[in-house]
Amino acid sequence: MNDKEVEKLILAERKRQREGLELIPSENYVSADVLTALGSEFTNKYSEGYPGKRYYGGQDFTDKVETLAIERAKKLFGSDHANVQPHSGAPANVAVYFAWLEPGDTVMGMRLDHGGHLTHGHPVTTMAKLYKFVRYGIGNLETGEIDYDLMREVALKEKPKILLAGFSGYPRNLDYAKFAKIGNEVGALLMADMAHIAGLIAGKALPNPFDYGFHVMTTTTHKTLRGPRGGMILTKGTPGNPLKAVEKTFDNLPTLIDREVFPGFQGGPHMNNTAAKAVALGEAAKPEFQDYAQQILKNAKKLADEMMSRGFKLVTNGTDNHLIMADVYQSFKVDGREVQDILDKVNLSANCNSIPDDPLPPFRPSGLRLGTPAMTTRGLKEEHMAQIAEWIAQAIKNRNDDKILNKLSIEVKEFSLQFPLPSDKNRCL
Ligand code: DSN
3 MNDKEVEKLI LAERKRQREG LELIPSENYV SADVLTALGS EFTNKYSEGY PGKRYYGGQD
63 FTDKVETLAI ERAKKLFGSD HANVQPHSGA PANVAVYFAW LEPGDTVMGM RLDHGGHLTH
123 GHPVTTMAKL YKFVRYGIGN LETGEIDYDL MREVALKEKP KILLAGFSGY PRNLDYAKFA
183 KIGNEVGALL MADMAHIAGL IAGKALPNPF DYGFHVMTTT THKTLRGPRG GMILTKGTPG
243 NPLKAVEKTF DNLPTLIDRE VFPGFQGGPH MNNTAAKAVA LGEAAKPEFQ DYAQQILKNA
303 KKLADEMMSR GFKLVTNGTD NHLIMADVYQ SFKVDGREVQ DILDKVNLSA NCNSIPDDPL
363 PPFRPSGLRL GTPAMTTRGL KEEHMAQIAE WIAQAIKNRN DDKILNKLSI EVKEFSLQFP
423 LPSDKNRCL
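Numbering of the sequence shown is given in the numbering used here, commencing with residue 3 and proceeding in unit increments.
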């Protein structure tokens, strides 16, 4: 690169990623092909509109690459329609709200402190000024089971126009059949935000909400799906072909969503990103991606067991998916932010997170959130999980001993370097 200042930072970040282990459950390592598509000449092109209906010339190849991404997404997730233009997960969710709701309408989503996401109506978001958000949450904190009776009671009272299933900090599975029953009873649009688990659904390791009658799914493309940073909206039903599953017809939903993404509130799509999404969707359709998805779950269960055997209290006492939420405050009387900082010192990357009914504030919460998608990409298996749990426990216990922390950081680095990043091959920089 000519720009040595930026080159230095790119190389430093690459070194950080190689020498450490990524335990943040929403992060991953993409392939060299995804990086190549991201760095391609598609970044030079404006393509407002959709394939076959653009506002600028020169769209022969952008149309083809976007169509490829759309067709791959539809096939992978079993949808009738796909919009691959959202720049990320938040705009994907907002597009569905704008398409389906009038200001003042009600949406029902998961409590943030029980694992829900900011964009599911947290009071600090702009959406919370436009719509009324009501909540469901975990009924049994020991098992993590959602209180579906209370969900139904609130839904019957509040009549949400959207019932939203999805999370960014919930380590169990949702019962989509129960969601669908309640949603259909009140005539709500059934929406799943599968940002965290899209790769697990694509890899057939977790159930697909569409198989339970959901109407729309939103997702990011960079978490378990292992693509570039971006978003996507998948819908059932096509224009002029109403869904028969519910009394209300949702036939115009795909068109309404497309209009909200563009020209509603996004301008030109990022075509380099679209190309990279197409690559990632192609990779996720391969049989080996199913092995990857299963291995994520096996690793998460093993890591959870190894942590619990070392004194970590886990929210819901384990995991059914890729993520683990540890109550480090209850376990070791140290808050999640401090643990996050300690782990950074030993080349382990995780993030602090609020837990249900957290006695501590959101910026210094009780929880530590971690997960296995990224380390599984690097080839780690169940037999490595005891060592990772041990490093985390040792780092916390010896947090005031720089000598021990330094020794742990070297151990983690030497271990990590044995597992190259998938993009280490075929790099041009
Ligand atoms: N920031 C994402 C996560 O880490 O889960 C959610 O948007």
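A virtual CB, placed ideally from N, CA and C, is assigned to each residue, including glycine.
Computed from a predicted model, the values in this text were never measured in an experiment.
Residues passing the C-beta test against ligand 1 heavy atoms, cut-off 5 Å: Ser28, Ser170
Residues that DSSP places opposite Glu147 in a beta bridge: Taking the sequence shown and counting its residues from 1, the one referred to as residue 147 is at position 145. BP columns for Glu147 point to Asn142.
Status (buried if at least 16 other CB within 10 Å, exposed otherwise) for Pro364: Residue 364 sits at position 362 when you count from the first residue of the sequence shown. Exposed, because fewer than 16 other Cβ atoms sit within 10 Å of the Cβ of Pro364.
Inter-residue spacing [alpha-carbon to alpha-carbon] between Arg312 and Trp393: Here the question's residue 312 lines up with position 310 in the sequence shown. Here the question's residue 393 lines up with position 391 in the sequence shown. Those two C-alpha atoms are separated by around 11 Å.
Neighbourhood of Gly60 by C-beta, 6 Å cutoff - its chain only, sequence neighbours within 5 removed: Stepping through the sequence shown from its first residue, residue 60 is reached at position 58. No residues qualify anywhere along the chain.
Nearest neighbour of His324, chosen from Leu158, Leu227, Phe314 [CA to CA]: For the purposes of this step, residue 324 is taken as the residue at position 322 of the sequence shown. Taking only the C-alpha atoms, the option nearest His324 is Leu227.
Identified DSSP bridge partners for Asn85: Within the sequence shown, the letter at position 83 stands for residue 85. DSSP output for Asn85 lists Ile235 as bridge partner(s).
Length of the line joining the Cα atoms of Asp451 and Asn275: Not covered by the structure: residue 451. The range shown for the chain is 3 to 431.
Unbroken alpha helix (DSSP H) run spanning Leu258, endpoints: Along the sequence shown, one-based indexing puts residue 258 at 256. Its alpha helix (DSSP H) spans residues 255 to 261.
Neighbour-count burial assignment, Glu9, 16 or more Cβ in a 10 Å radius: Here residue 9 is taken as the residue at index 7 of the sequence shown, counted from 1. Flag for Glu9 reads exposed.
Rounded C-alpha distance that separates Thr121 from Lys131: For the purposes of this step, residue 121 is taken as residue 119 along the sequence shown, with counting starting at 1. For the purposes of this step, residue 131 is taken as residue 129 along the sequence shown, with counting starting at 1. Looking at the two C-alpha atoms, the distance is approximately 12 Å.
DSSP three-state assignment for Lys180, whether helix, strand or coil: Residue numbering aside, residue 180 sits at position 178 when the sequence shown is read from its first letter. Looking at Lys180 - three-state DSSP - the assignment turns out to be helix.
Unbroken stretches of the alpha helix (DSSP H), 4 residues or longer, contained in the stretch 328 to 390: Counting whole runs of 4 or more residues, the stretch 328 to 390 contains the alpha helix (DSSP H) stretches 330 to 334, 338 to 347, 375 to 379.
Within 8 Å, strictly: CB atoms of Pro2 and Lys163: Given that the chain is displayed from residue 3 to residue 431, the structure contains no residue 2 and the question cannot be resolved.
Helix, strand or coil at Leu25 according to DSSP, with G and I counted as helix: Stepping through the sequence shown from its first residue, residue 25 is reached at position 23. Look at Leu25 here: in three-state DSSP terms it is coil, with no helix or strand label.
Status (buried if at least 16 other CB within 10 Å, exposed otherwise) for Leu423: The residue labelled residue 423 in the question sits at position 421 within the sequence shown. By the neighbour-count rule (16 or more Cβ atoms within 10 Å), Leu423 is buried.
Arg16 versus Leu362: straight-line alpha-carbon distance, rounded: As a position in the sequence shown, residue 16 is number 14, starting the count at 1. As a position in the sequence shown, residue 362 is number 360, starting the count at 1. Each residue's alpha carbon lies about 34 Å from the other.
Exposure label - Leu255; buried when at least 16 CB within 10 Å: For the purposes of this step, residue 255 is identified with residue 253 of the sequence shown, where counting begins at 1. Buried, because 16 or more other Cβ atoms sit within 10 Å of the Cβ of Leu255.
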